[in-house]
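Remarks on the structure that follows.
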Amino acid sequence: MQGFILDFEKPIIDLEKKIKDMQDYAASEGVDLNDEIVRFQEKAQKLQQEIYSKL
Numbered sequence: 022m023q024g025f026i027l028d029f030e031k032p033i034i035d036l037e038k039k040i041k042d043m044q045d046y047a048a049s050e051g052v053d054l055n056d057e058i059v060r061f062q063e064k065a066q067k068l069q070q071e072i073y074s075k076l
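If you want it as structure tokens, here you go:
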């Protein structure tokens with residue numbers, strides 16, 4: 022687990038946590054949230070590229 026998070030990384034970490042929470046919920050409740058999870062994963066990837074490209 023990451024011990025130190027820089028301020029500019031916080032939105033990425035928050036989105037990744039939301040994705041993990043959705044995956045856990047889907048698995049425990051037997052709900053199909055795959056489309057939403059994929060959408061959030063794509064959003065996280067774009068956000069990460071956007072943030073790191075500005076460094």
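Counting from 22, one number per residue, gives the positions in the sequence shown under the working numbering. Each residue gets a CB set at the ideal place from its N, CA and C atoms; glycine is no exception. Please read these numbers as outputs of a predicted model, since none were measured by experiment.
Integer Cβ distance of glutamine 62 from isoleucine 40, believed to fall under 8 Å:
Contact annotation, glutamine 62 with isoleucine 40: C-beta distance approximately 6 Å; criterion of less than 8 Å satisfied.
Boundaries of the alpha helix (DSSP H) in which valine 59 is found, first to last residue
Looking at the DSSP string, the run of the alpha helix (DSSP H) that includes valine 59 is 55 to 74.
Under three-state DSSP, which class holds phenylalanine 29?
In the structure shown, phenylalanine 29 sits in a helix (DSSP, three-state: H, G or I).
By a C-beta neighbour count over all protein chains shown, 10 Å radius and 16 as the cutoff for buried, is glycine 24 buried or exposed?
Of the residues assessed, glycine 24 falls on the exposed side of the cut-off, its CB having fewer than 16 other CB atoms within 10 angstroms.
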